[in-house]
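These notes concern the structure reproduced below.
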Amino acid sequence: MNTCVRSGVLFCLLMAGVPCGFAQKLVLTDWNYLSSYGQSLSVGWTAKPVVTTEQKNGNLMFKGGVRPFEGGSDRSAAVPLVERVSPDGARGETPVSGASGNFMRLLKKRDAGKAARVRFLCSADDVGGVSIGVLSKSNAPYQRILGDLTAGRELADKAGKTFSMPCFLWTQGETDQQGRKTREWYKEKMRADSGY
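Numbered according to the working numbering, the sequence shown spans residues 436 to 631.
What follows is the structure in structure tokens.
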């Protein structure tokens, strides 16, 4: 099972209250930052047509779009999460729309009161065709996430909302797999270099 799927499964298990010996119980705040991070599929490479054309679960994105770096990194406001095809036509629906929508549907079934106040602030800050080293915490793509977190916290504070980052989506590995890196090498890079 790849890391992205594992992260999503873990999140769903925690949302459902399933005991997991390897994780603490998830605590959701009013606004929860959810990042899609990794390679091209995590920013919606060729994922057209977009399907999230209206927001039914109250989830949010930055004013610059779900891929804020395409909209001039405009993080001045939180707006309803709606997908668009990228200006160059190469990218469409990102994984965060489906993930955040499903998380909210699960939460509504489990705790409708909590679901009424919880929102996900989503973004996809990835880079296509790169190794895990390029995505590490010392490089520019990772800095986008830190920028999102800073802006998200400021917007939440202004709105009188609590804010956290309970999880993230990870879709990456093809470049390293093509370079014939071993599973053990990859796991160690995830732990050591990327801060995950």
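No residue lacks a Cβ here, since even glycine has one placed at the ideal position from N, Cα and C.
Source: prediction; values computed, not measured.
- Phe598 and Ser532 have their C-alpha atoms spaced approximately 19 Å apart.
- Listed in chain order, the non-local C-beta contacts of Met600 below 6 Å within the same chain comprise Tyr468, local neighbours out to five positions each way being set aside.
- In the structure shown, Leu541 adopts helical secondary structure according to DSSP, grouped into three states.
- Ala482 is positioned such that its CB atom lies no closer than 9 Å to that of Met496.
- In this structure, Ser471 places its C-beta atom within 9 Å of the C-beta atom of Pro530.
- In the DSSP assignment, Ser471 is bridged to Ala559 and Leu604.
- Counting every other CB atom within 10 Å of its CB across the protein chains shown gives Leu581 a total below 16, marking it as exposed.
- Cβ-Cβ distances below 6 Å link Gly524 to nothing in the same chain once the five nearest sequence neighbours on each side are left out.
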